[in-house]
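In what follows, a single structure is set out as structure tokens and then discussed.
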Amino acid sequence: MPKISSLAAVIGHPVSHSLSPKIFGILSDVESLPVLYKKLDIAPKDLNAFVSATAKLDLFTGWNVTVPHKEKILAHVDELSEEVKAIGAANVVHFKSQTATAFNTDVYGIKQTLHEQDVRLQGSSALLYGAGGAAKAVAFALGREKVAQVWVVNRTRSRAEALCRKFGKLFPKTKFRTATVNQCKDLRVTLLVNATSVGLPGNAAAFEFPHAIDAETLAFDLIYGPKLTSFLTQAGKRGARTVNGLDMLIWQAIATWEIWFGKVEDRDGLKHKLRRALS
Ligand code: ATR
1272 MPKISSLAAV
1282 IGHPVSHSLS
1292 PKIFGILSDV
1302 ESLPVLYKKL
1312 DIAPKDLNAF
1322 VSATAKLDLF
1332 TGWNVTVPHK
1342 EKILAHVDEL
1352 SEEVKAIGAA
1362 NVVHFKSQTA
1372 TAFNTDVYGI
1382 KQTLHEQDVR
1392 LQGSSALLYG
1402 AGGAAKAVAF
1412 ALGREKVAQV
1422 WVVNRTRSRA
1432 EALCRKFGKL
1442 FPKTKFRTAT
1452 VNQCKDLRVT
1462 LLVNATSVGL
1472 PGNAAAFEFP
1482 HAIDAETLAF
1492 DLIYGPKLTS
1502 FLTQAGKRGA
1512 RTVNGLDMLI
1522 WQAIATWEIW
1532 FGKVEDRDGL
1542 KHKLRRALS
């Protein structure tokens, strides 16, 4: 066994389902850099204690941060990337020279997935389900890709309204509007995105879809486990193209690796290798 040169971890609650250790294991082999990558289940009440204890030890190169810490982690780092400042959520922390910096590579993962799916974004309309940290990363990606109209539907309407205000200011050329579950039925959109946690094990609920769905519509679920969520099954039955969150997960991991360890030589080749290994 080669000497470990770096320690990294995914912190979340729960994390037992996470594929990140497997992905970083493959990246470590391919890039010939022995990184030990652990899953750490940190309950919300333990986040403060965990961060202060480990910061003093200077152990980690970085963390991936997942549900439910993506927003709370901002209060525990020294610096925020421009994207994290805009979004208000991070999925990566990098420790360097006694400084902890938060990044958001989910945005890159979302953008790459949509480009791979060949979906026309500029000038189009999208329907976004959810208004939490994951939905904010989607809203940012769609605003930056110059989507003309983003409809946001969320169980708690006030959160959807807050999201629309925030991203409407940031991207004046994109109209962010809330929609009720009933209004969804009459929308005409080319993209449906599930950024809620509905579909994760133990969280089931129904989605209301637009009437006008066809093969031109892409349904994108950020969830990657299970592979086929009720969101994707329902959209698929209605004739939409579907993609789950696995590609996003892989792309964000490659971007995370580059933040921690520097550029990889062949991003696309690495993506295909990881996709084959995980499929
Ligand atoms: P994340 O950072 O992963 O986005 P989050 O901030 O907890 O996590 O957001 C979870 C999202 O899933 C929210 O949009 C939540 O709706 P609320 O804002 O009303 O809480 C949505 N969600 C979770 N469970 C849901 C359910 N059973 N039905 C509808 N929406 C649900």
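Going by the working numbering, the first residue of the sequence shown is number 1272, and it counts up by one from there. Backbone N, C-alpha and C define an ideal beta-carbon position, used for all residues, glycine too.
Cβ distance (whole Å) where residue i is taken to contact residue j below 8 Å
i: V1281; j: W1334; result: 7 Å
i: A1466; j: A1406; result: 4 Å
i: A1314; j: H1284; result: 5 Å
i: A1373; j: V1355; result: 5 Å
Residue environment, residue i, which counts as buried when at least 16 other CB atoms sit within 10 Å
i: H1482; result: exposed
i: R1451; result: The residue asked about is misnamed: residue 1451 is Thr in this sequence, not Arg. By the neighbour-count rule (16 or more Cβ atoms within 10 Å), T1451 is not buried but exposed.
i: G1473; result: exposed
i: H1365; result: buried
i: G1414; result: buried
i: S1291; result: buried
i: G1533; result: exposed
i: A1431; result: buried
Inter-residue Cα distance where the pair is residue i and residue j
i: R1436; j: L1489; result: 25 Å
i: S1289; j: F1331; result: 19 Å
i: L1298; j: L1345; result: 27 Å
i: P1339; j: L1328; result: 24 Å
i: V1423; j: G1507; result: 21 Å
i: R1448; j: Q1454; result: 11 Å
i: T1553; j: S1303; result: The question about residue 1553 has no answer here: the residues shown for the chain are numbered 1272 through 1550.
i: V1378; j: A1412; result: 6 Å
i: L1503; j: I1358; result: 26 Å
i: A1548; j: S1352; result: 31 Å
i: K1310; j: S1277; result: 15 Å
i: R1426; j: G1470; result: 15 Å
i: V1286; j: N1515; result: 19 Å
i: K1440; j: G1540; result: 38 Å
i: E1479; j: S1550; result: 29 Å
Cutoff 8 Å; reference residue i; Cβ partners in own chain excluding five residues on either side
i: I1275; result: P1305, V1306, L1307
i: R1538; result: I1525
i: K1343; result: P1315, L1318
i: I1530; result: G1333, V1363, H1365, F1374, T1376
Residue closest to residue i, alpha-carbon to alpha-carbon, out of the options
i: L1517; options: A1371, K1498, P1339; result: K1498
i: S1429; options: D1312, F1411, G1403; result: G1403
i: D1492; options: A1357, P1292, T1384, A1346; result: T1384
i: E1487; options: C1455, L1462, A1476; result: L1462
i: S1501; options: V1336, Q1420, L1413, A1476; result: A1476
i: A1279; options: V1363, I1358, R1546, A1433; result: V1363
i: D1457; options: S1396, E1416, I1530; result: S1396
i: E1350; options: T1337, Q1369, V1535; result: Q1369
i: R1459; options: K1310, G1394, T1337, G1401; result: G1394
i: G1520; options: G1496, F1480, K1310, A1371; result: Position check: residue 1520 holds Leu in this sequence, whereas Gly was assumed. Nearest C-alpha to L1520: G1496.
i: Q1420; options: G1401, Q1523, P1443, R1546; result: P1443
i: Q1523; options: G1296, V1286, N1375; result: N1375
i: V1390; options: R1512, D1300, V1301, F1321; result: R1512
Cβ-based neighbour list, residue i, same chain, cut-off 6 Å, excluding 5 preceding and 5 following
i: D1485; result: G1510
i: S1468; result: N1474
i: E1416; result: L1392
Same chain, Cβ closer than 7 Å to residue i, five either side skipped, listed in chain order
i: V1213; result: Because the chain is modelled from 1272 through 1550, residue 1213 falls outside the range shown and cannot be assessed.
i: K1341; result: A1360, A1361, N1362, G1404
i: E1387; result: D1518
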